[in-house]
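Protein chains in written order, with my numbering: chain W, 1 to 208; chain V, 1001 to 1253.
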Amino acid sequence: MIAIIDYGMGNVTSVRNAFAYLGFKTVLTHEPEVLNSCPALVLPGVGAFGSAAEVLQRKGLFDYLHARREKGSFLLGICLGLQLFFDRSEEDPAGRGLTYFPDKLKRFPPGLKVPHMGWNRVLAEPDPLFEGIPQGSHFYFAHSFYAPLLTAEDYLLARCRYGVDFAAAVKQGNAYGVQFHPEKSGEMGLRLLLNFGRMVENADYTGN
Amino acid sequence: MLARRIVPCLDVKEGRVVKGIKFVDLKDAGDPVGLAEFYNKEGADELVFLDITASHEKRETMVEVARRTAREVFIPFTVGGGIGTIEEIRNILKAGADKISLNTAAVENTDLIREGARIFGSQCIVIAIDARWNEQMKDWEVYTHGGRKGTGISALTWASRVESFGAGEILLTSMDADGGRDGYDIPLTRAICEKVSIPVIASGGAGKMEDFAHVLTEGKADAALAASVFHYRHFSIREVKEYLKEQGVEVRL
Chain W
1 MIAIIDYGMG NVTSVRNAFA YLGFKTVLTH EPEVLNSCPA LVLPGVGAFG SAAEVLQRKG
61 LFDYLHARRE KGSFLLGICL GLQLFFDRSE EDPAGRGLTY FPDKLKRFPP GLKVPHMGWN
121 RVLAEPDPLF EGIPQGSHFY FAHSFYAPLL TAEDYLLARC RYGVDFAAAV KQGNAYGVQF
181 HPEKSGEMGL RLLLNFGRMV ENADYTGN
Chain V
1001 MLARRIVPCL DVKEGRVVKG IKFVDLKDAG DPVGLAEFYN KEGADELVFL DITASHEKRE
1061 TMVEVARRTA REVFIPFTVG GGIGTIEEIR NILKAGADKI SLNTAAVENT DLIREGARIF
1121 GSQCIVIAID ARWNEQMKDW EVYTHGGRKG TGISALTWAS RVESFGAGEI LLTSMDADGG
1181 RDGYDIPLTR AICEKVSIPV IASGGAGKME DFAHVLTEGK ADAALAASVF HYRHFSIREV
1241 KEYLKEQGVE VRL
């Protein structure tokens, strides 16, 4: 069972649909007891960085996510979910994220159409998450702020170019983040979610 | 590099696709979900469903179409036509649509754009602009109510305004070009694209593969929408995208 973290930020229907299509069961929850029974957590999200971080804090999910990450649980942050793995964002200068990465999210420079909306090429490092996905495949993006290429290069899993080069996917241990929407990226997006689901299945989670 | 998008549009009435689609290889050519899946396999970058259901009571059928599509088709899709309240936006998005498009309701109540963008995010809010050249105004005029009612508003001014209200995208239909299959309205599309810094989907007038190349290069559009050329199999989406690639336009193949 894969838990989709329910914190009221944006649409989770498509993420659940995609996992269901691939044969993985999901549960939408923010209850620690339910989350504990799931080997993997997906942090979706659409909306603003600051208010999302605040909701996560208030629901006690910050501490919970830290604890699960330290235990090596599988995490997948999607879009705003990836952004919440960072420290700060130009979107809400006062807000603080989970700070798995010390970098600050930036707004795309002037002269570019924002949101960065549509299909763009992703160049990934070799990793089980991108298994079977040809280099340079297109994924669907819809975002106005971007994660810079990381200070800690080891954690940069994939990059994309839109006026600037930015982080399309990051990885620290078993915590993965993707800026694009795999649940809306056609065949390649489904393949990425399948890869994630298989990693989780193979990991032998014994519960918390 | 961001790919230019090719977007087929399906007109849906009471849950069924209308406008005589000529498919021999589909079991039910009137089923929007089956058709959406067909276009997805053919390489569509996203889909637009335009609800032309007249009766208000039967509009719930569109929510069901969105729900079923979202279970089977994993590319973005927009639902438009007759949406007028935050509650209606919420229902469509919750069913699994990625974006909704507003037309008449946005002109009549600009707060709907602002509120929609605030609650659901700009990326969900598409403003559909139907525009026609007005010789007296020496400008393109915005039309509402399915093109029946002129508003006296300049399309260029309106485009800037909806951007400032938080719209994430513009779906621009040229009423002069629509239905003519004589090519997209390049001057209109280009003028709007140069005016705003949100993405613009051009619509109306697609007849030949060259038309797509023109509107995506000279017209500066981010995406091109078409209906009949795909429905009547004048050419396939894949053929258009292969042609565009030959012309040096970045596409997802």
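Glycine residues also receive a C-beta, built at the ideal position from the N, C-alpha and C atoms.
CB contact below 7 Å: residue i versus chain V
i              : result
L192 (chain W) : no
S14 (chain W)  : yes
V46 (chain W)  : yes
N202 (chain W) : no
L43 (chain W)  : no
A18 (chain W)  : yes
G81 (chain W)  : no
N195 (chain W) : no
Residue range of the unbroken alpha helix (DSSP H) whose run includes residue i
i               : result
I1192 (chain V) : 1186-1195
L190 (chain W)  : 186-202
V1251 (chain V) : No alpha helix (DSSP H) holds V1251 (chain V); DSSP gives it neither H nor E.
R16 (chain W)   : 13-21
Sub-7 Å separation of residue i and residue j beta-carbons
i               : j               : result
V27 (chain W)   : M9 (chain W)    : no
V1126 (chain V) : E1087 (chain V) : no
I1198 (chain V) : F1165 (chain V) : no
Y1243 (chain V) : V1215 (chain V) : no
Y1143 (chain V) : G1152 (chain V) : no
S144 (chain W)  : P110 (chain W)  : no
L157 (chain W)  : A169 (chain W)  : yes
G97 (chain W)   : F86 (chain W)   : yes
C160 (chain W)  : N120 (chain W)  : yes
G1096 (chain V) : L1050 (chain V) : no
G1279 (chain V) : K1241 (chain V) : An answer regarding residue 1279 (chain V) cannot be provided, because it is not within the stretch 1001 to 1253 covered by chain V.
V55 (chain W)   : Y7 (chain W)    : yes
E1046 (chain V) : F1077 (chain V) : yes
E183 (chain W)  : A18 (chain W)   : yes
L43 (chain W)   : G81 (chain W)   : yes
A1003 (chain V) : H138 (chain W)  : yes
D1130 (chain V) : G1116 (chain V) : no
V1192 (chain V) : G1219 (chain V) : Looking at the sequence itself, residue 1192 (chain V) is Ile, so the reference to Val does not match. Cβ atoms of I1192 (chain V) and G1219 (chain V): not closer than 7 Å.
G50 (chain W)   : D92 (chain W)   : yes
First and last residue of the uninterrupted beta strand (DSSP E) at residue i
i               : result
V27 (chain W)   : 26-29
I4 (chain W)    : 2-5
Q172 (chain W)  : 164-172
I1198 (chain V) : Element bounds for I1198 (chain V): n/a, residue is neither H nor E.
S1101 (chain V) : 1099-1102
Y176 (chain W)  : 175-178
L1112 (chain V) : Not the beta strand (DSSP E): L1112 (chain V) falls in the alpha helix (DSSP H), residues 1111-1120.
L1035 (chain V) : Note, L1035 (chain V): premise wrong, no beta strand (DSSP E); alpha helix (DSSP H) at 1032-1042.
Check: residue i C-beta below 6 Å from any heavy atom of the ligand NAP
i              : result
A167 (chain W) : Absence of the ligand NAP is noted for the structure shown, with no ligands found whatsoever.
Residue i at chain W interface by Cβ criterion, 7 Å
i               : result
V1024 (chain V) : Residue placement at V1024 (chain V) cannot be trusted, given a pLDDT of 49 that sits under 50; what the coordinates show is reported in the next sentence. False, the Cβ-Cβ gap to chain W never drops below 7 Å.
L1093 (chain V) : yes
D1182 (chain V) : no
R1252 (chain V) : yes
S1101 (chain V) : no
S993 (chain V)  : In the structure displayed, chain V extends from 1001 to 1253; residue 993 (chain V) sits before or after that span and is not available.
S1197 (chain V) : yes
G1219 (chain V) : no
G1248 (chain V) : no
Using a Cβ-Cβ cutoff of 7 Å, what residues of the stretch 1059-1089 of chain V are near chain W? List them in chain order. Look at the stretch 1059-1089 of chain V: the residues with a C-beta under 7 Å from a C-beta of chain W are A1070, R1071, F1074, I1075, P1076.
Runs of 4 residues minimum, wholly inside the stretch 1209-1238 of chain V: which ones carry the alpha helix (DSSP H) assignment? Here the runs fully enclosed are 1209-1217, 1228-1231.
Pull out every residue of the stretch 138-163 of chain W whose Cβ sits closer than 7 Å to any Cβ of chain V, in chain order. Taking a C-beta cut-off of 7 Å against chain V, the contacting residues of the stretch 138-163 of chain W are H138, Y140, A142, R161, Y162, listed in chain order.
Would you list, in chain order, the members of the stretch 99-123 of chain W that have their beta-carbon closer than 9 Å to a beta-carbon of chain V? Hits within the stretch, in order: P110, G111, L112, K113, V114, P115, H116, M117, G118, W119, N120, R121.
Taking any Cβ of chain W, which residues in the stretch 1199-1213 of chain V have a Cβ under 8 Å from it, in chain order? Taken in chain order, the members of the stretch 1199-1213 of chain V whose beta-carbon sits within less than 8 Å of a beta-carbon on chain W are P1199.
Which runs of the beta strand (DSSP E), 3 residues or longer, sit entirely within the stretch 64-145 of chain W? Inside the stretch 64-145 of chain W, DSSP marks whole beta strand (DSSP E) runs of 3 or more residues at positions 74-78, 86-89, 101-107, 116-121, 138-143, from first to last along the chain.
Report the residues of the stretch 1002-1018 of chain V with a CB closer than 9 Å to any CB of chain W, ordered along the chain. If you check each beta-carbon in the stretch 1002-1018 of chain V against every beta-carbon of chain W, the ones closer than 9 Å belong to L1002, A1003, R1004, R1005.
Threshold first: 4 residues or longer. Then list the alpha helix (DSSP H) segments lying entirely within the stretch 1127-1185 of chain V, N to C. Listed in chain order, the alpha helix (DSSP H) elements of length 4 or more contained wholly in the stretch 1127-1185 of chain V are 1155-1165.
Cβ-based contacts, 9 Å cut-off: residues of the stretch 168-183 of chain W near chain V: From the stretch 168-183 of chain W, only H181, P182, E183 have a Cβ closer than 9 Å to chain V.
Of all the beta strand (DSSP E) runs that stay within the bounds of the stretch 32-68 of chain W, which reach a length of 3 or more residues? Within the stretch 32-68 of chain W, the complete beta strand (DSSP E) runs of at least 3 residues are 40-43.
Would you mind listing the alpha helix (DSSP H) stretches within the stretch 1048-1098 of chain V that are 4+ residues and don't spill past its ends, in chain order? For secondary structure counted as the alpha helix (DSSP H) over 4 or more consecutive residues, the stretch 1048-1098 of chain V holds these complete runs in sequence order: 1060-1072, 1086-1094.
Relative to chain W, which residues along the stretch 1152-1170 of chain V have a C-beta separation below 7 Å, given in chain order? Going along the stretch 1152-1170 of chain V in chain order, one finds G1168, E1169 with a Cβ nearer than 7 Å to chain W.
Give the residues from the stretch 1027-1041 of chain V that approach chain W closer than 8 Å (Cβ to any Cβ), ordered along the chain. Residues passing the 8 Å Cβ filter: N1040.
Tell me which residues of the stretch 1104-1131 of chain V have at least one Cβ-Cβ distance to chain W shorter than 7 Å, keeping chain order. Per Cβ criterion, the list reads G1121, S1122, Q1123.
Going along the chain, which residues of the stretch 1043-1055 of chain V sit with their C-beta nearer than 7 Å to a C-beta in chain W? Taking 7 Å as the Cβ-Cβ cut-off against chain W, the residues of the stretch 1043-1055 of chain V that qualify are D1045.
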